[in-house]
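Input: a single structure, listed below in structure tokens.
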Amino acid sequence: MRDWLATMRKEKGMTQLEVAKKIDVSESYYYYIENGDRQKKMDVALAAKLSVVFGIPVAQIIELENQKSE
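In this text, residue positions in the sequence shown follow our numbering: the first is 25, and each later residue adds one.
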């Protein structure tokens with residue numbers, strides 16, 4: 025599970041649907057990303073889209089992803 029992703033989304037006051045639309049995926053696919061069932065190893069394109077949505081550097085997303093797998 026990507027707790028950091030759910031936390032970041034909630035801090036921005038966004039729903040899963042809103043984030044999904046911004047990164048151009050379905051709400052259900054985003055749900056699976058957030059729960060770690062899809063994009064088990066997040067690709068750079070997705071990280072770049074999320075960095076824009078959440079206003080953080082891609083490097084921070086990569087760092088958060090690396091912490092998740094430790």
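Quick reminder that beta carbons are idealized off the backbone N, C-alpha and C, glycines included.
Identify the continuous alpha helix (DSSP H) that holds residue i and give its terminal residues.
| i | result |
| --- | --- |
| M25 | Note, M25: premise wrong, no alpha helix (DSSP H); not H, not E. |
| I47 | 40-47 |
| K73 | 68-78 |
| S99 | A query on residue 99 cannot be resolved here, the shown segment of the chain reaching from 25 to 94 and no further. |
Cutting at 6 Å between CB atoms, please list the residues of its own chain near residue i, excluding the five before and the five after it.
| i | result |
| --- | --- |
| Y56 | R62 |
Tell me which residues share the same chain as residue i and place their Cβ nearer than 8 Å to its Cβ, disregarding the 5 neighbours each side in the sequence.
| i | result |
| --- | --- |
| Q91 | W28 |
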